[in-house]
Every structure is written in C-alpha cells, then in structure tokens.
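Trainee:
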Amino acid sequence: MLGSVRYAPDGEPAEDAIEAGASMLAAAEAGWEAVSAAVVAAAVAGVRQCWAGGWHPADLERIVRREAADATLVALVVDAIAAEAARPSGARSAHDTRWAEQLHRLGAEVWWGSDRGYLDALAKRRRASRFEIAYDVLKALRSLARLPRIAPLPTPPQAGPTRTAAGSAAASRALGKIRGLLAKAEATDYAEEAEALSAKAQELMARHSIDEALLDRADGSPGGQAGGPSAVRIGIEGPYEQAKALLLDAVAAANRCQAVWAADVGFSTLVGFAPDLEAAEMLYTSLLLQATAAMNRAGDAFPRALKEQGGTPIARGRSRRTRDFRQTFLVGYADRIRDRLAAATEAATATATAESADAAPDLLPVLAARELAVEETTTALFPDTAPVRLRGVRDADGWHQGRAAADRAQLGDG
Numbered sequence: 001m002l003g004s005v006r007y008a009p010d011g012e013p014a015e016d017a018i019e020a021g022a023s024m025l026a027a028a029e030a031g032w033e034a035v036s037a038a039v040v041a042a043a044v045a046g047v048r049q050c051w052a053g054g055w056h057p058a059d060l061e062r063i064v065r066r067e068a069a070d071a072t073l074v075a076l077v078v079d080a081i082a083a084e085a086a087r088p089s090g091a092r093s094a095h096d097t098r099w100a101e102q103l104h105r106l107g108a109e110v111w112w113g114s115d116r117g118y119l120d121a122l123a124k125r126r127r128a129s130r131f132e133i134a135y136d137v138l139k140a141l142r143s144l145a146r147l148p149r150i151a152p153l154p155t156p157p158q159a160g161p162t163r164t165a166a167g168s169a170a171a172s173r174a175l176g177k178i179r180g181l182l183a184k185a186e187a188t189d190y191a192e193e194a195e196a197l198s199a200k201a202q203e204l205m206a207r208h209s210i211d212e213a214l215l216d217r218a219d220g221s222p223g224g225q226a227g228g229p230s231a232v233r234i235g236i237e238g239p240y241e242q243a244k245a246l247l248l249d250a251v252a253a254a255n256r257c258q259a260v261w262a263a264d265v266g267f268s269t270l271v272g273f274a275p276d277l278e279a280a281e282m283l284y285t286s287l288l289l290q291a292t293a294a295m296n297r298a299g300d301a302f303p304r305a306l307k308e309q310g311g312t313p314i315a316r317g318r319s320r321r322t323r324d325f326r327q328t329f330l331v332g333y334a335d336r337i338r339d340r341l342a343a344a345t346e347a348a349t350a351t352a353t354a355e356s357a358d359a360a361p362d363l364l365p366v367l368a369a370r371e372l373a374v375e376e377t378t379t380a381l382f383p384d385t386a387p388v389r390l391r392g393v394r395d396a397d398g399w400h401q402g403r404a405a406a407d408r409a410q411l412g413d414g
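When the letters of the sequence shown are read in order and numbered with UniProt numbering, they come out as residues 1 to 414.
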C-alpha cells in the first residue's frame, strides 16, 4: 500500500492512492494501535532515507514547508524527525552540535506517549477522524519518499589541538564584539550608522579569521588548516531568493568562504573553515535584516516624498513598492556590499600582515593555502556548478537606492 502511495503520479492519481490507503489504514483488521506503530516505523525509515540522501533536519523541514499547502504536513514531518532522533541508532552522534541545534530549533521532540499511541494522540490533538489522520500521515510519508538526493555535506572535521585558555578567551571576546556591533546595526534607524557598524564588524571578522589561522599554524597544523574546511547550509527564503543568494555570496567571499546556491531546494551551501563559516552566517543574517529594513524605508519614502512635493499620484501598478523595485534594490545592495566587505577584509589583512611581519612572516601563504583548500573542497562537493542569470533587475531607481543604502558610511569608523 505504501508503494502505491509513493509511486503514484502527482495530481489525481496520487490523491486516489492516498485516499484508498487512508481507508485501508482506518479500517485495518490489525487494529489502530498496530497501524500507529507501523506508521511511526515507516516515518523513521523515511527520515533515515532522507539523511542517507544528504538532507539535514532544517533542510527537510524547509523543503516540505515550501511545497506543503498547509502547516499540517510540516508538523508531521517534524514528528518523524523527532521519532528518528529518539531512536538509539540516530543519524548523528551527540558531538554534532549543529545537528542538535537544528533539532532544537525545529522543536523536534517526542510528545506522544508511545508509538502505538501516536495516531490516537494526534487525532486528539487535532480533533480529527482516523481517516483524516491516516490521509495526512500518508501524504507526509509520500513527501519524504519522493525527495531527491542532494550533495551530502562533509563530516564535521575533528577538533584540532586543544587551544589554550587564552586563545579560547580571545576568540570568545572577538565574537562577542562582532555580535554586539551587528546587534547595534540591526537596532538603529539610521542607515549610515548601521553600515558603519557592519563595516567595523567585517573588519573584526577578517581579523578573527586571521588570528584563527595563525593559531592553527602555531598549534602545528599544516598550513594553518586544523581540521580542514567544512560546510553548512543556509536557508534562502522567498521572496527575492536570487537577491538574497547574491548577498550571501558577497558575505561568503569577504570571509574566505564559497557559496553554492541550490534554487530548487531553497538553500545555499557555504564551504569554509569553521571560524569563517560562523562569521559569514552571522553577518549574512544581520545584513539581510538591515537590507530588508532599508528596502522598506525606501519603498515607503517615494510616494510620501512625491505627495509632499505636490507631484502626480503614482499610477496603479507603479508604486515604488513593486516587486521589481524590491528585487532590484536588494541586488544593488548586495552588489555594493560586496565591494565594501571586500575592502574591509583587504584592509584588515594588510594591517595584520604589517603587524605580524616579524612574528608570522608566512601569514599570506597560510591564508592562500586555506583559500585553496576551500576551493578544492567546494569543487569536490559540487563538480557541476553553473552561473545563474539574474532576473527581475529592471528598476533603475531600485538599483541606485539599493547601492546607496550600502554606500553611506566610511569603512572602519565603528
């Protein structure tokens, strides 16, 4: 029965197969509790198939949410993830902190008493009939079974030599300062101040990356590459996915990472060394908030300014809050931010090189070796990447305002 549900073509044949299967489950002679246990076992198997296909918890929830008509299917998939995680032979060991963090953010916890009682607990929670529950569960199982395989992320590298307490404390202080600057940038209503704070944060990130590379070299890691590059996935949520992916690519490049966008599954994969990945993810999240706020301010300001100047009211469909304006604004913002972040990284690198000329004369070769390692890892993970043509960049005013929103502050004024 599960096979007919899984392999039925989309559309009416799939609906018919799911309805027939739900009727069979609701009236199964084995009993509802036995059906419940079998459903949970099938869900665990489906989730493990997804893990084997390269998916991680956050990716799985995201793709189902993108394709689901309502939140019911998403909740069932999160339950399946929770059931799998509760099994003794779960997909990831406890030391994989990122995996555990994803489970926590999803709220993937077993809330039902037993597998045999899961469907009854679900029916009670949703006040639904057995047929309705069986129907939704089969839809969720079908969704899991039909997901494609994706490029797997490399196993998180083993930790390098134990850092001294002083080194760990310095790293914590640096990250604390960076988070503080970005928090201030997100909170201010002044674009100039936000950009100055973000630029200063990027300089600190670049210096933190250099310090980490030098510490790895001092610890005896070849070329300052303790553990080697790793990879993380960053969700790219709509709307304006292309512009957001472009912004993430700009942030990645400034932090010696590489980004590969998979539009069909809604995420970009960042490849880099752990400190650089952490910095890039942190900065992207902050800049996306700032860019969105600046875009909204620019969209609101135009009709207000036109009215104050006694201008002609905006014709229907020509509001500066159109999709073209917003898309182009974000692309322009990302384009200019790329230049400014690159300049901040270059300045921090030049300063560090001058300061460490005697103590670490091989700094530039160390950084070059790390960048080469990132490039080689990216190529190994994604041998068939192709450039993406930008679409929807048609509003000149949006382009200029987007670049202006990223170009008002002097770098490093913090």
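Ideal Cβ placement from N, Cα and C applies to all residues, glycine included.
(1) Assuming residue 8 contacts residue 17 (C-beta within less than 8 Å), just tell me the rounded distance between them.
(2) Between which two residues does the alpha helix (DSSP H) carrying residue 21 extend?
(3) Kindly identify the DSSP beta-bridge partner or partners of residue 107.
(4) What runs of the alpha helix (DSSP H), each 4 residues or longer, lie entirely inside the UniProt domain "DUF7168" (244–357)?
(5) Shortest alpha-carbon distance to residue 137 belongs to which of 2, 108 and 27?
(6) So if DSSP puts residue 233 in a beta bridge, which residue, or which two residues, is it bridged to?
(7) Less than 8 Å between the CB atoms is what I'm expecting for residue 255 and residue 279, so what's the real figure, rounded?
(8) Does the contact criterion of 3 or more C-beta pairs under 8 Å hold for the region 330–349 versus the region 245–255?
(9) Are the beta-carbon atoms of residue 286 and residue 186 separated by less than 8 Å?
(10) According to the Cβ coordinates, are residue 46 and residue 181 closer than 8 Å?
(11) If you run the structure through DSSP and keep just helix, strand and coil, what is residue 33?
(12) With C-beta atoms as the reference, is residue 133 less than 8 Å away from residue 144?
(13) Quick check on DSSP: helix, strand or coil for residue 56?
(14) Is DSSP giving residue 99 helix, strand or coil here?
(15) If you drop the 5 nearest sequence neighbours on each side, which residues of the same chain put their C-beta closer than 6 Å to that of residue 317?
(16) Is there contact here, the region 243–250 with the region 37–56, by at least three beta-carbon pairs under 8 Å?
(17) With H, G and I counted as helix, E and B as strand and the rest as coil, what does DSSP make of residue 63?
(18) Are the region 77–88 and the region 46–58 in contact at 8 Å, needing three or more beta carbon pairs?
(19) Helix, strand or coil for residue 365 per DSSP?
(20) Can you tell me which of 334, 51, 184 and 31 puts its alpha carbon nearest to the alpha carbon of residue 89?
(21) Tell me whether residue 388 is buried or exposed, calling it buried when 16 or more other Cβ atoms sit within 10 Å of its Cβ.
(22) Could you tell me the boundaries of the alpha helix (DSSP H) in which residue 131 lies?
(23) Secondary structure at residue 155, three-state DSSP: helix, strand or coil?
(24) Return the first residue and the last residue of the alpha helix (DSSP H) that residue 118 is part of.
(25) Measuring only the C-alpha atoms, how far is residue 264 from residue 139?
Mentor: So, to answer that:
(1) 4 Å
(2) 12–26
(3) Paired residue(s): none; residue 107 is not in a bridge.
(4) 274–308 and 323–355
(5) 2
(6) Partner(s): 269.
(7) 5 Å
(8) yes
(9) yes
(10) no
(11) Annotated three-state conformation of residue 33 is helix, per DSSP.
(12) Their beta carbons are not under 8 Å apart, which means residue 133 does not touch residue 144 by this criterion.
(13) coil
(14) helix
(15) Since pLDDT at residue 317 reaches only 45, below the 50 mark, its modelled position is unreliable, and no value is offered.
(16) The answer is no - the region 37–56 does not touch the region 243–250, with fewer than three Cβ pairs under 8 Å.
(17) Helix at residue 63.
(18) yes
(19) helix
(20) 51
(21) exposed
(22) Taken as a continuous stretch (DSSP letters only), the alpha helix (DSSP H) holding residue 131 covers 130–145.
(23) coil
(24) 118–126
(25) 21 Å
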